[in-house]
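Engineer: Below you will find the structure I want to go over with you.
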Amino acid sequence: MKDNRPTNIDLASISGYYFPIPALASILHRASGIALLFGMGFLIWALSKSLHSEQQFNEVALFFATPLAKIILWIVVSSVIYHFVAGLKHLVMDTGIGETLVGARIFAWGVLILSFILIAVATYIIFVGV
Amino acid sequence: MLRHSTNLSRNGLTDWLLQRGSALLLAAYTVFIFVYLLFVKEVTYAHWVALFSDTWVRLFTMLTLFSLVAHAWVGMWTVLTDYVKPLGIRVLLTVFLFLLLFSYFFVAVSAIWGL
Chain A
1484 MKDNRPTNID
1494 LASISGYYFP
1504 IPALASILHR
1514 ASGIALLFGM
1524 GFLIWALSKS
1534 LHSEQQFNEV
1544 ALFFATPLAK
1554 IILWIVVSSV
1564 IYHFVAGLKH
1574 LVMDTGIGET
1584 LVGARIFAWG
1594 VLILSFILIA
1604 VATYIIFVGV
Chain B
1211 MLRHSTNLSR
1221 NGLTDWLLQR
1231 GSALLLAAYT
1241 VFIFVYLLFV
1251 KEVTYAHWVA
1261 LFSDTWVRLF
1271 TMLTLFSLVA
1281 HAWVGMWTVL
1291 TDYVKPLGIR
1301 VLLTVFLFLL
1311 LFSYFFVAVS
1321 AIWGL
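Heads up: the sequence lines are chains A and B, in that order. Using the working numbering, you'd call the opening residue of the first sequence number 1484 and step up by one each time. Using the working numbering, you'd call the opening residue of the second sequence number 1211 and step up by one each time.
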């Protein structure tokens, strides 16, 4: 039987491969997804605590004013933004739009540029304020 | 035929559809929360409780939590089966994933309905 299934390369050997932009966009989608698995725990913890009582709400508000919380929040929000934009690309390409080599490259660049701009805005809001 | 008993629906197409459907709900909820936090100038405890006491917000949050669990399961299953080859470690990580997602769901649901 001819094996036509795609092979997965060893993750540790990845730096030895030519790494085109769509591959970078794809691996970042996975990386941000893994970050969000834990990031959601942080957000759900904050949600649960903030809804528990007014005192705990204030504790959460105070915590979110600390540099540590802002850095964690920045990582989570940046991951949300990247995963969101890269996910939109998937949904668009699922409809058959851009399913060419050139299309894939343009979309990958689009995801990187758009998410970079949105993350820059989010960075400003988190660390400087609206 | 390759079978993985840990995928969500035991069917690749259904998993694929679940991933897309849950993605749309998660995206909608993300926009909803971002817009709320950006446009409500000062979020007080009273505002915050009022928001999550609303039946529609609770319903939307519940649907989003189901989506989060399904989306994370399908996504992490894909990543784990791609990169973690030793079966024992993968099973261990899958169990950890299950417990993590279950606790997220439990904590969030209690937070919303405990108001």
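Ideal Cβ placement from N, Cα and C applies to all residues, glycine included. Note that this is a predicted model, so its numbers are computed, not measured.
In whole angstroms, give me the CA-to-CA distance for D1292(B) and L1303(B).
Structural biologist: Reading the second sequence from its first residue, position 82 is the one you call residue 1292(B). Reading the second sequence from its first residue, position 93 is the one you call residue 1303(B). Rounded to the nearest angstrom, the two C-alpha atoms are 13 angstroms apart.
Engineer: Determine the chain B residues that contact I1527(A) at a beta-carbon separation under 8 angstroms, and present them in chain order.
Structural biologist: Here residue 1527(A) is taken as the residue at index 44 of the first sequence, counted from 1. Within 8 angstroms Cβ-Cβ: Y1314, V1317, A1318 and A1321.
Engineer: In whole angstroms, what is the alpha-carbon distance linking F1312(B) and H1281(B)?
Structural biologist: In the second sequence, counting from the first residue as 1, residue 1312(B) sits at position 102. In the second sequence, counting from the first residue as 1, residue 1281(B) sits at position 71. Going by the C-alpha atoms only, they are around 13 angstroms apart.
Engineer: List the residues of chain B whose Cβ lies closer than 9 angstroms to the Cβ of I1620(A), in chain order.
Structural biologist: As displayed, chain A neither begins before 1484 nor continues past 1613, which places residue 1620(A) out of reach and without an answer.
Engineer: Please report how far the alpha carbon of S1320(B) lies from the alpha carbon of N1541(A), in whole angstroms.
Structural biologist: Indexing the second sequence from 1 puts residue 1320(B) at position 110. Indexing the first sequence from 1 puts residue 1541(A) at position 58. For S1320(B) and N1541(A), the distance between alpha carbons rounds to 20 angstroms.
Engineer: In three-state terms, what does DSSP make of Y1500(A)?
Structural biologist: The residue given as residue 1500(A) occupies position 17 in the first sequence. Coil.
Engineer: Let me check understanding here. Comparing Cα to Cα, which of Y1501(A), I1497(A), S1509(A) and F1599(A) lies closest to K1572(A)?
Structural biologist: Locating residue 1572(A) in the first sequence gives position 89, counting from the first residue. Among Y1501(A), I1497(A), S1509(A) and F1599(A), the Cα nearest to that of K1572(A) belongs to S1509(A).
Engineer: Under 8 angstroms: do the region 1525 to 1545 of chain A and the region 1586 to 1593 of chain A share three or more Cβ pairs, one atom per stretch?
Structural biologist: No, the region 1525 to 1545 of chain A does not touch the region 1586 to 1593 of chain A.
Engineer: What is the DSSP secondary structure of S1219(B), reduced to helix, strand or coil?
Structural biologist: On the second sequence, residue 1219(B) is found 9 positions in, with the first residue counted as 1. Coil, per DSSP.
Engineer: Quick one: grab the DSSP three-state call for A1495(A).
Structural biologist: What you label residue 1495(A) is simply residue 12 of the first sequence in a count that begins at 1. In this structure, A1495(A) counts as helix in the three-state DSSP scheme.
Engineer: Note down, in chain order, each residue of its chain lying with its Cβ closer than 7 angstroms to the Cβ of H1566(A), except the 5 sequence neighbours on either side.
Structural biologist: By one-based count along the first sequence, residue 1566(A) stands at place 83. Around H1566(A): H1512, S1515, G1516 and L1519.
Engineer: Kindly indicate which three-state DSSP category E1542(A) falls into: helix, strand or coil?
Structural biologist: The residue given as residue 1542(A) occupies position 59 in the first sequence. Helix at E1542(A).
Engineer: What are the uninterrupted segments assigned as alpha helix (DSSP H) that are 4 or more residues long and contained completely in the region 1520 to 1585 of chain A, given in chain order?
Structural biologist: 1537 to 1546 and 1550 to 1577, all fully within the region 1520 to 1585 of chain A.
Engineer: On the premise that Y1246(B) lies in contact with L1234(B), defined as a C-beta separation below 8 angstroms, what is that separation, rounded to the nearest angstrom?
Structural biologist: Reading the second sequence from its first residue, position 24 is the one you call residue 1234(B). Reading the second sequence from its first residue, position 36 is the one you call residue 1246(B). In fact, because the Cβ distance is near 19 angstroms, the residues do not count as touching under 8 angstroms.
Engineer: According to DSSP, simplified to helix, strand and coil, what is T1265(B)?
Structural biologist: For the purposes of this step, residue 1265(B) is identified with residue 55 of the second sequence, where counting begins at 1. Helix at T1265(B).
Engineer: Do A1605(A) and V1560(A) have their CB atoms nearer than 8 angstroms?
Structural biologist: Sequence index remark: in the first sequence, residue 1605(A) carries index 122 (1-based). Sequence index remark: in the first sequence, residue 1560(A) carries index 77 (1-based). Yes, Cβ-Cβ distance for A1605(A) and V1560(A) is below 8 angstroms.
Engineer: Under 8 angstroms, Cβ to Cβ, is there at least one residue of chain A near F1183(B)?
Structural biologist: The requested residue 1183(B) does not occur in the structure, where chain B is confined to residues 1211 to 1325.
Engineer: In this structure, how does DSSP classify P1296(B) when only helix, strand and coil are distinguished?
Structural biologist: Counting from 1 along the second sequence, the entry for residue 1296(B) is found at position 86. Looking at P1296(B) - three-state DSSP - the assignment turns out to be coil, as it is neither helix nor strand.
Engineer: Less than 8 angstroms between the C-beta atoms of Y1255(B) and E1537(A), yes or no?
Structural biologist: Along the second sequence, read from residue 1 onward, the residue named residue 1255(B) stands at position 45. Along the first sequence, read from residue 1 onward, the residue named residue 1537(A) stands at position 54. Going by C-beta atoms, Y1255(B) is nearer than 8 angstroms to E1537(A).
Engineer: Exposed or buried, which one is G1612(A) when buried takes at least 16 other CB atoms within 10 Å?
Structural biologist: Here residue 1612(A) is taken as the residue at index 129 of the first sequence, counted from 1. The residue in question, G1612(A), is exposed, as its Cβ has fewer than 16 Cβ neighbours within 10 Å.
Engineer: If we cut at 8 angstroms on Cβ distances, does Y1293(B) have a partner in chain A?
Structural biologist: The residue given as residue 1293(B) occupies position 83 in the second sequence. Output row for Y1293(B): interface = yes.
Engineer: Taking 8 angstroms as the threshold (beta carbon to beta carbon), is A1237(B) in contact with chain A?
Structural biologist: Residue 1237(B) sits at position 27 when you count from the first residue of the second sequence. For A1237(B), the answer is yes, since a Cβ of chain A falls inside 8 angstroms of its Cβ.
Engineer: Note down the Cα distance separating F1599(A) from P1296(B), rounded to an integer number of angstroms.
Structural biologist: Here residue 1599(A) is taken as the residue at index 116 of the first sequence, counted from 1. Here residue 1296(B) is taken as the residue at index 86 of the second sequence, counted from 1. Approximately 36 angstroms between the Cα atoms of the pair.
Engineer: Strictly under 8 angstroms for the Cβ-Cβ distance: is V1563(A) near chain B by that measure?
Structural biologist: The residue labelled residue 1563(A) in the question sits at position 80 within the first sequence. So yes, V1563(A) belongs to the interface.
Engineer: When Cβ atoms are compared, which residues of the region 1220 to 1237 of chain B fall closer than 8 angstroms to chain A?
Structural biologist: Residues passing the 8 angstroms Cβ filter: R1230, A1233, L1234 and A1237.
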